[in-house]
Each structure stands twice: as structure tokens, then as C-alpha cells.
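In mature numbering (1 follows the signal peptide of the UniProt record, and there is no 0), the protein residues as written are -18 to -1, 1 to 791.
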Amino acid sequence: MKLLNFTCILCIIVSAQAANWWTNAEYNDWSWGNANNWGQSTVPDSSAAAVEINKSGWEARAQVSPEGDFECGSLLVGKNSGPSYLVVKGSLKAYDNVTAGNWGSDADGTIEISQGGSFIGEKALFLGRYADTRGVLNVNSGTVDVNWSLYVPGDWSSSGGTAELNAYGGTVTADDIVIQDGGKVDVTGGTLKVAGYKKNKFEQYVQDGLLTAYGGDPRGSVSIIEDGTHTVITASKLPEENVFNPMPADTKELEYYTAPLTLSWQPGEFETHHDVYFGTSYEDVSAATPSTTGIYQGRFETPDSDPNLVYSYGPMSGLSLDEEYFWRVDSVNTDTSEVWKGDVWSFNTPEYNLIDDFESYDEASPVGDVWSPAPDPNTVIAENQQAVELAYNDGLAETSRILPFSDLSFGEGEAITVSFFGELPMNALLSISLTDSSSNSYSVLYNPSVADRANQWKGFDAKLSDFAAGGVDITDVQTVTLGIDAAGCGEGSIFFDNLQVHPKRCVNRYAFGDFRGTDCLADLGDYSVIANDWGMSGKIVTAAESEPAGLTARYKFDETEGEIISDCSANQLDGELKGTSMPAGAWNPTSGYDGGCLDLSVISSGWFQFPGESLVPERLSDPNAAGADEVTVSLWVNGNTDARTSDQNLMKFKNPNWAGAVYLPGSYQKEGNIVEFALNGDKLSWGWAGPEDWQGSWNHYAFVKNANTGELNIYRNGEMMARDAYSACSLIDVTNWELIRGWNGKVDDLRFYNRALSQEEILYLAGQDSVYQAVRSWADKNHDNSVDLTDLSNMFDCWVEEKLWPSED
């Protein structure tokens, strides 16, 4: 009898958790709210484990009527074969993941929002989640809100099948929209809103043809703006009278400008001629008429207004690198005297002309096919970022290549630059050599400062005028040679990357008085920097003698099993693994900095979610508290030397969408933001981590924000590596945060404090007795470890006058 009772209870539990599937028993009634249409004879609610709109081998249709207001758990539209449709005209909220086109051969699912309907997904939305599936989201009007990411197609670990997102009207808002192979997003009359600053990402989607306007009509165009909290995507379409399809494409940045440029376009329907305008000011080009000299380029006959034809103007020379140009083409019908004013288009010439970024070389196309003698062909600096390694052995080492273009002065080029990385011996010199078609050759040598010889990425700049003075025709250069003269220096190697030609430009490292590094000129903002830090100098800092006060959460990672990360502070702000189960080996009980640790390199998916009170402990007693003024994040990390990755996201702060992150270094990182701390609109980066940060050793990091003083700090092993104390900071406002497997390695002893800890306290946490603290001031650009009269003189040297390089003096 006891066994029978247990069996009955088990059946009830299983039944309660089973999916509620769509039967459409009343074939003429597609209403979601009709209980007879559901396999469990009940309308789903938020407690439903899963809801399925699907009839294998048959078409399935469900509809939320305009007056309907429903909820469910997870939602599947289209599972196994046969198309399935869900039309939302009222309100529907799913508390778990939503999928249109789930597993199963030929699974086909479509979700349509119309008549002002509202669809809310509290987690992710997948379109065409798995291979051989298809998912479609059509938004005719109303709103779609996805709290996590919207995948078109696939999910976070799979590229999926095929998918479409069509924004015919209404608004789609998501934490992110990820468009993968087999996916297409089209905006016609609707709006897409994605959390954070993702303009570059979606511009790339446009270039790749994954994001279109008006079904790919060449008269359509996509607009992408960042409004401070979201990336907003809309579309517009030109009338048939206007010219369209400009080349270069509107707002495009040219990859190269090494030869004269030709503008082209397709004509409107009714013109006989085109008026062409060109200049460097949007306002001037927009307002220009045929009487505007310098901008009006002339009227040109269009013998055939067939929109499939292409007309052009050019070729044009005399443009400059790193410049924005604007142009306009008006359609003119001289028979009727009608003029249809065209849009003002723009393009940017590249910031520089690239000679080599070393990205295209692989086993099929080795670097030795281009450079001779061949440097190391297999040196990868970061994921999708390569450089070459030039080895030296107590003498001169060089490598050369034929240039992809010969006129280095084209586009007003004035300097050739290369990035280098490595511990350069004190007596070693770097060199760039140019040889022209008449075999005239000249070398510019570089003797870096002590600071520039450290193991970090730096730039070597050479003036083209120096090569010209040495007898080289810089308009007809054939080869370039990179070298290092390491006579008497033993063995070693240097990495080279990003060989480029630049025009005269703002090079911040040569404008010593522009402390803020914004525009190569000094003004009152730079004066405030030097006034804030006046008298600073390097000093010895000694560690505090006891544990800091103000601990709000501490995670020791000493667990040996389970999916919970315990907070050993009094607040018990535990974290929980989401999106996957804990794999074997993730808990490492013996290899931590102190006891056990969490090995993120073992975890391939998912994330750990924690309460936001770790950063805003005021909400433990007052859930409506506005936020916190101060926070310190302290942790130990040990990078995985087997993972050749660049800087990666370790922590993500949310409110409820993206509110900041912590990025840590990965092995073989190129120049860039290697360590970054961002929180509620304030961000600090430190771009010069060395191999000691990723070569399998434990390092302590601390990240500090003080909204009261407007200061951000990054510490490594107790030493302050980066500081920003020159602008106001926002309140700390985080509802939850995540520990994610973006960065690759081990994590231990993660702590949060409700104060901006002092350096002495951070030294204690880092296990250091003392450290020599160099000056971290924007005003110390000459790196003499003090803020003094020399820096003040540098500021006045470029006071309200832009100091470009190469300079005239």
C-alpha cells in the first residue's frame, strides 16, 4: 500500500512538471485562452514548466487575442516537423527561455506580434535554435522585450539553423541581438533597441548583409545610434525620384586610400542630369547650390534614367587620410526644370594606409611568402590578432617585404609607424628602412627610453621627410625593412605588428601638455589635472596590519561539489550556476591561492548569478535605496597558459541589463585595454599588463570606485596600475552580477567591501609588505615620476594650440 501511495505521488509530480502542449482541439478556435486547446485542458500560467505550440507533421496555430493577458514558463513554437505559428495581439509573458524552431528535423516556428500586442521574454529568445530548424519573429506593431539575448539563429553555444527577425513595426528591445550564419534581421518600419554601446557591432552586421532595411531594397538604409543606454536601430527609404546606392556607401570608412577615388550611384526615375556636390562640411554640402564654388562639381548628363545603371564622378585625387568627406547628387530634369535634392552622403578616408597587420598569414599562406628572411610564422598575440617575432642573436636581425603601394605620401602621408613588444636590451636599436625603385635606401633608427624598453606594446614612428632627406623617393618606394641591432646583447626576440603610413596627426605621446589625451592641445581641463595632482612623486607604501573593515561578501571557492558558490560573510549573498550543470573538475580543492578555487577553464557554458547587494549593501535593509557611493572588489586569479586569448570578461554587472564589467588579461595580448573596470557609466582601463599576468601564476587584483571623490583605481598585487580622479562618478546601482567564463583561468577569494579601501589595506589583501608606488597621474606624461614645473611647462607649450606630429619645428 505504501508503494502504491508513493507511486501515485510520483505520478502527480511528473504530471505537474510535464509540458502543456497545444492540441487545437477546437479547430476553428485558435485562442490561447481556450482550455480545450491544451493537452492538460488548462490554460498555461507562470508555473507551467514548458508550453509547446506544435503538432508533429501538421500545421499548428495559436493566437493571443487583443484582450488576452497570459503567462507561461518556457515556450516552444515549432518542434519536430510541421510549421507552427503563434500570433500575439494581446499580452504574453514567458518566464523562461522562448524558442521558435526547436529541435527536430524541419522544425519551423513563427511568432508574430500585431495589433499592438506585447510579448515579454524574461530570459533568452532563440530563433531556429538547432540545425535543420527555422525560426521567424515578425513584429508588425506592439512590443517585444527580451531580458537576455535574442539569437538569430542558434544560441550561446550553437549557430543553429536559419532564422529571420522582421521589424515591420513596433519595437524590439533586448539585452543583445546576436545574428549568426543563417540569420537575417530586416528593419522596415520598426525599431530595434539593444542594451549598451554596440553601434560598431551592428554596423558590421550591415556590412556583412545580415542586417538590412526594407527587405534589402538598395533605396533603404539602416540608421544606428547610441542614446546613452541603448543602441537604437531604425530604417528609412528614399523616394523613387532620388538617386541611391552610393559608392562608397554612406558613412563607410575606406579600407585604403592609395589611388584616386571615383564616386558612383544609381539614378532616380525621372532625371536627365545630375548635379554633384563635394566637400568636408555636412552643412556646406547640404546648403550648396550650383553657384557655390568649390563645392559644386558640375552638371552631368544622364542619357538613360534606368535605375539599374550606375553613374560616376571622378577619379578624384588630393584627398587626405583620416578625413571625413560629404557629397550630394541632385536629380535634375531639364525638360521640366524639376530638381530632386539628394541626401548628403559621407565617407571617411582611413586613419592610415596599412602596409601589414600580419593577420592574413597561416599555414596555407605563410609569412615567409611575403617577408624575407621569414620571421616566426606561428606567433599569435591574441585571438584573431597576430604579430611576427623577429629573433636576434648578438647582432643585426632584419626582415623585408615589397610594399603593397609605392607612393607613401599619397593622402598626405607623413610618417611610417610600427608597434613593437618585448624586453628590448638597453643597447639595442630598432630600425625602419625604405628602398625606392632606384635602389636608394635609408634607415631611421630608434633608441627607446627605459620606459619604452619594458615588456609592453609601444610605437616606433619615423618621419617620411627623414627618408626623403636621406635620398629615398617616398612616392616610389619598393621595399620596407624592419630590424633590430642587438650587437653585444645576446639572444632574444622582438614582436612587430601594425605597420602603417599616417598623415600629420595628433599623437598623444608627443603632446606632453595634453594631459587628458583628447586633442593634442592644453586648456582649462588639463590645468585642473595638474592642479589636482601637483607635487605628486613616487613613494614607498607599507601594508596595513589587519583585515579591512566593511566586508559585504566573500567567496572562498572552497566547495567540492554542487552549483552554489557560498558567501561566507554574514550577509550570505550566495551565487548559483545558471544555464548548465557543473562539470567535473570545475571545483579544484587544492590548487587555489588559499585552499580551493573555481577553475573557469573547465566550464564551457553558463554563468554564476549573484545578488546585487554585494555592491549595494544598503539594499539589505532598504530595498528602495538609490545606490552606493563606494565599493572595492578584491580577487585572486591565475590565468590558463594553454588558452591563447586576449582580455576577456570575467564579471558582468547588471541593472537589469548591462551596467559594467571586469575584464582581465589573457595570454599574448596586443596593445589595448587589457584590464578594465566599468561600473554604471564610469570606466577605467590599464593597457600594459605583462606576461607575469597570465603565465600560470596567482595575481591579486583590486578594483575601487569612490563616487564621493570621483576616483577609480585598478591595483595589481598591491600596486596601483591605473587611476582616474578627474571627473565625477555616478552612484553604484547594481541589481545582480554574474561571474562568467569569458576570461580563462582559476579564481579564488573574491571579496566585496562597502568602502573605497586604501592602498595600505589592499596591500594587506595582496599579501605584500610594501611596494614602491610610482606616480599615476595624467600630468606625468614625461614619466619622470613627479608632477612639477616641467609638466607645467609642457602644458603651456601646447596651450590652446593643437600640437600635431610630425611638427614643423
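Positions of the beta carbon are idealized from the N, C-alpha and C atoms, including for glycine.
Closest by C-alpha distance to residue i, when choosing among the options
| i | options | result |
| --- | --- | --- |
| residue 237 | 272, 303 and 205 | 303 |
| residue 781 | 562, 726 and 496 | 496 |
| residue 448 | 416, 736, 199 and 196 | 416 |
| residue 622 | 630, 616 and 756 | 630 |
| residue 376 | 470, 387 and 189 | 470 |
| residue 193 | 461, 211, 646 and 216 | 216 |
| residue 245 | 741, 268 and 299 | 299 |
| residue 615 | 31, 472, 764 and 732 | 732 |
| residue 483 | 229, 390 and 558 | 390 |
| residue 165 | 149, 135 and 183 | 135 |
| residue 466 | 657, 442 and 325 | 442 |
| residue 98 | 353, 446, 151 and 64 | 151 |
| residue 658 | 474, 123 and 635 | 635 |
| residue 718 | 669, 706, 640 and 710 | 640 |
| residue 444 | 473, 398 and 539 | 398 |
| residue 711 | 275, 735 and 666 | 666 |
| residue 759 | 325, 773, 601 and 313 | 773 |
| residue 182 | 235, 568 and 227 | 235 |
| residue 748 | 10, 414, 660 and 530 | 530 |
| residue 427 | 507, 414, 418 and 704 | 414 |
Any non-hydrogen atom of the ligand MN closer than 6 Å to residue i Cβ
| i | result |
| --- | --- |
| residue 299 | You won't find the ligand MN in this model; it holds no ligand whatsoever. |
Beta-carbon proximity of residue i to residue j, cut-off 7 Å
| i | j | result |
| --- | --- | --- |
| residue 260 | residue 279 | yes |
| residue 424 | residue 454 | yes |
| residue 222 | residue 185 | no |
| residue 154 | residue 121 | yes |
| residue 93 | residue 59 | yes |
| residue 373 | residue 468 | no |
| residue 549 | residue 535 | yes |
| residue 214 | residue 175 | yes |
| residue 131 | residue 157 | yes |
| residue 318 | residue 255 | no |
| residue 525 | residue 751 | yes |
| residue 88 | residue 55 | no |
| residue 619 | residue 699 | no |
| residue 637 | residue 715 | yes |
| residue 34 | residue 85 | no |
| residue 559 | residue 545 | yes |
| residue 324 | residue 312 | yes |
| residue 338 | residue 147 | no |
| residue 100 | residue 125 | yes |
| residue 281 | residue 257 | yes |
Coarse secondary structure for residue i, derived from DSSP in three states
| i | result |
| --- | --- |
| residue 630 | strand |
| residue -3 | Low confidence applies to residue -3: its pLDDT is 41, below 50, so where it sits in the model is not reliable enough to give any reading. |
| residue 84 | coil |
| residue 780 | coil |
| residue 512 | helix |
| residue 374 | strand |
| residue 124 | coil |
| residue 112 | coil |
| residue 737 | coil |
| residue 789 | coil |
| residue 744 | helix |
| residue 652 | Any answer about residue 652 is weak, because its pLDDT of 43 lies below 50 and its placement is not dependable; what the coordinates show is given next. In the structure shown, residue 652 sits in coil (DSSP, three-state: anything other than H, G, I, E or B). |
| residue 181 | helix |
| residue 283 | strand |
| residue 197 | helix |
Per DSSP, the bridge partner or partners of residue i
| i | result |
| --- | --- |
| residue 765 | Its beta-bridge partners do not exist; DSSP assigns none. |
| residue 591 | 558 and 720 |
| residue 26 | Looking at the DSSP assignment, residue 26 forms no beta bridge with any residue, so it has no partner. |
| residue 278 | 259 |
| residue 132 | 107 and 159 |
| residue 706 | 694 |
| residue 401 | 441 and 479 |
| residue 755 | 521 |
Original post:
Is the number of C-beta pairs between the region 396 to 411 and the region 494 to 502 that are closer than 8 Å three or more?
Top reply: no
Subject >> At least 3 beta-carbon pairs within less than 8 Å: the region 574 to 593 vs the region 717 to 735 >> reply: yes
Original post:
Should the region 72 to 81 be called in touch with the region 46 to 56, which here means at least 3 C-beta pairs below 8 Å?
Top reply: yes
**OP:** Evaluate contact between the region 600 to 618 and the region 689 to 707, counting only Cβ atoms and requiring at least three cross-stretch pairs below 8 Å.
**Re:** yes
Original post:
Should the region 138 to 146 be called in touch with the region 109 to 116, which here means at least 3 C-beta pairs below 8 Å?
Top reply: Yes: the two stretches touch, three or more of their Cβ pairs being nearer than 8 Å.
Subject >> Cβ pair count under 8 Å reaching 3, the region 736 to 756 against the region 514 to 534 >> reply: Yes: the two stretches touch, three or more of their Cβ pairs being nearer than 8 Å.
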